[in-house]
Amino acid sequence: MNKDFSVSMSRFFKITTFLLIALLILTGLTMTYNEPRLIPNLIYWGIVLPIITGCYLFSLNKVKVDFKNIYIISKIKTTVIPINKVKNITRKSKSNYLMIIGARGIYGLIGRSLDNYKCNIKDTSKLIAIELKEEKFLISCDHPDEFINTINTLKNVQKTS
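Its first residue numbered 1, the sequence shown is counted upward by one per residue in full-length UniProt numbering.
Right, here's the structure in full:
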């Protein structure tokens with residue numbers, strides 16, 4: 001069994017991403033035009049471009065489930081969670097999560113929350129909390145209830161096998 005769960009960005013994050021990137025680029029272009037020295041421009045673009053690129057590359061692409069594992073897939077990284085290690089999987093209500101470290105707004109919420117969840121969220125109205133013994137994940141996908149039912153069904157099948 002292989003099942004893919006799509007992930008799409010909410011309207012809020014689309015608008016926020018567009019506005020933040022536009023602001024950063026316009027600021028950089030204004031600075032490049034008005035600043036005759038090269039070093040400040042290089043420093044600015046050397047900070048801004050990796051941030052924008054990094055946020056894009058680490059943002060959630062899709063969530064995949066097979067018989068044994070959950071795969072949280074970004075553009076360059078895949079996190080594998082064994083289904084038999086999942087202690088609890090629940091739907092979380094829309095909340096304003098405080099991030100300790102990470103990006104909040106560019107391509108969604110990426111990083112670690114104040115309550116120690118590893119977050120990769122593109123739509124805060126479709127939150128799923130996956131709790132293991134040592135780690136906690138907070139993700140979003142387009143069909144969270146179906147995702148939770150699939151994981152619970154697979155956990156029950158593994159227990160009876």
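The beta-carbon is built from N, C-alpha and C at its ideal position, and this holds for glycine as well.
Nearest-angstrom Cβ-Cβ length linking residue i and residue j, presumed shorter than 8 Å
i: Gly28; j: Leu60; result: At roughly 27 Å, the Cβ-Cβ gap does not stay under 8 Å, so Gly28 and Leu60 are not in contact.
i: Ile81; j: Leu132; result: 7 Å
i: Val63; j: Phe5; result: 4 Å
Proximity of residue i and residue j at Cβ, strictly below 9 Å
i: Phe147; j: Lys118; result: no
i: Ile52; j: Ile21; result: yes
Residue nearest to residue i in terms of C-alpha spacing, selected from the options
i: Gly54; options: Ile121, Ile110 and Asp142; result: Ile110
i: Asn156; options: Lys68, Leu24 and Tyr33; result: Lys68
i: Lys87; options: Val63, Trp45 and Ile130; result: Ile130
i: Tyr56; options: Ser74, Gly46, Leu42 and Lys62; result: Ser74
i: Asn116; options: Asp145, Glu135, Leu49 and Ile52; result: Glu135
i: Lys92; options: Leu38, Thr150 and Pro144; result: Pro144
i: Leu26; options: Trp45, Pro50 and Ser10; result: Trp45
i: Asp142; options: Asn2, Val7 and Leu38; result: Val7
i: Arg11; options: Leu154, Ile121, Ile151 and Ile83; result: Ile121
i: Ile76; options: Asn34, Ile52, Phe58 and Thr90; result: Phe58
i: Val65; options: Asn84, Pro36 and Val48; result: Asn84
i: Tyr71; options: Gln158, Lys3, Asn149 and Thr153; result: Lys3
i: Pro50; options: Leu24, Leu154, Thr30 and Tyr33; result: Leu24
Closer than 8 Å: residue i CB and nearest the ligand MG heavy atom
i: Cys119; result: What this structure holds is no ligand at all, so the ligand MG is not there to describe.
Local Cβ density within 10 Å of residue i, reported as buried at 16 or more and exposed below that
i: Phe18; result: exposed
i: Thr160; result: exposed
i: Asp123; result: buried
i: Leu114; result: exposed
i: Ser140; result: buried
i: Ile43; result: exposed
i: Glu89; result: Correcting the residue type first, residue 89 is Ile in the shown sequence and not Glu. It is buried - the Cβ of Ile89 has at least 16 other Cβ atoms within 10 Å.
Of all the beta strand (DSSP E) runs that stay within the bounds of the UniProt domain "Bacterial Pleckstrin homology" (63-152), which reach a length of 3 or more residues?
69-74, 78-82, 88-92, 99-104, 109-113, 118-121, 127-131 and 136-140
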